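Right, one structure below, let's go through it.
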Amino acid sequence: MRVKVLCLGRSAKEINVSDGTTVEQAIAEAGFPKDASYTRHLNGSPCFDSDVVVDGAVLTLVPQVKGGI
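Note that this note's numbering numbers the sequence shown so that position 68 is 366, with each residue one more than the last.
Take a look at the structure:
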């Protein structure tokens with residue numbers, strides 16, 4: 299299966315994974331660190347590390363915005 303992993307502010311990678319691959323495994327396979335400061339979205343919806351990705355999925359890692367006035 300092909301999955302696209304986007305890490306906003308860094309890069310994007312398209313990877314091949316096997317059936318049953320979780321979000322956490324896809325992040326590791328793409329070479330991105332497991333970082334709690336990023337929220338995870340699978341095909342535009344928030345997801346958990348234990349959710350399973352499907353063929354053609356887009357996994358987006360979004361940095362949390364902090365600070366302000």
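Note that the Cβ used here is the ideal one computed from N, Cα and C, for glycine as well.
The model shown is predicted, which means the values in this text are computed figures rather than measured ones.
message: Just to confirm the assignment, what range does the alpha helix (DSSP H) spanning VAL321 have?
response: As a working mapping, residue 321 is identified with position 23 in the sequence shown. Start and end: 321-328.
- prompt: So VAL303 packs on PHE330, CB below 8 Å; how close in whole Å?
  reply: Indexing the sequence shown from 1 puts residue 303 at position 5. Indexing the sequence shown from 1 puts residue 330 at position 32. Your pair VAL303 and PHE330 checks out as a contact, with CB atoms roughly 7 Å apart and the cut at 8 Å.
Neighbourhood of LEU340 by C-beta, 7 Å cutoff - its chain only, sequence neighbours within 5 removed: Along the sequence shown, read from residue 1 onward, the residue named residue 340 stands at position 42. Same-chain partners within the cutoff: VAL321, ASP349, VAL351, ALA355, LEU357.
field: ALA310 - containing beta strand (DSSP E), residue span
entry: Taking the sequence shown and counting its residues from 1, one reaches residue 310 at position 12. 309-314 is the extent of the beta strand (DSSP E) around ALA310.
query: Using the C-alpha atoms, what's the distance from GLY318 back to SER335?
result: Position 37 of the sequence shown, counted from the first residue, corresponds to residue 335. Position 20 of the sequence shown, counted from the first residue, corresponds to residue 318. Rounded to whole angstroms, SER335 to GLY318 spans 25 Å at the Cα level.
message: Here's the rule: buried if 16 or more other CB atoms are within 10 angstroms of the residue's CB, otherwise exposed. What is LEU359?
response: As a first step, residue 359 must be located in the sequence shown, where it is residue number 61. Classification of LEU359: buried, given that the 10 Å Cβ count is 16 or more.
- prompt: Is it buried or exposed for VAL301, if we count other Cβ within 10 angstroms and need 16 for buried?
  reply: For this step, residue 301 is matched to residue 3 along the sequence shown. Looking at its Cβ environment, which holds 16 or more other Cβ atoms inside 10 Å, VAL301 is buried.
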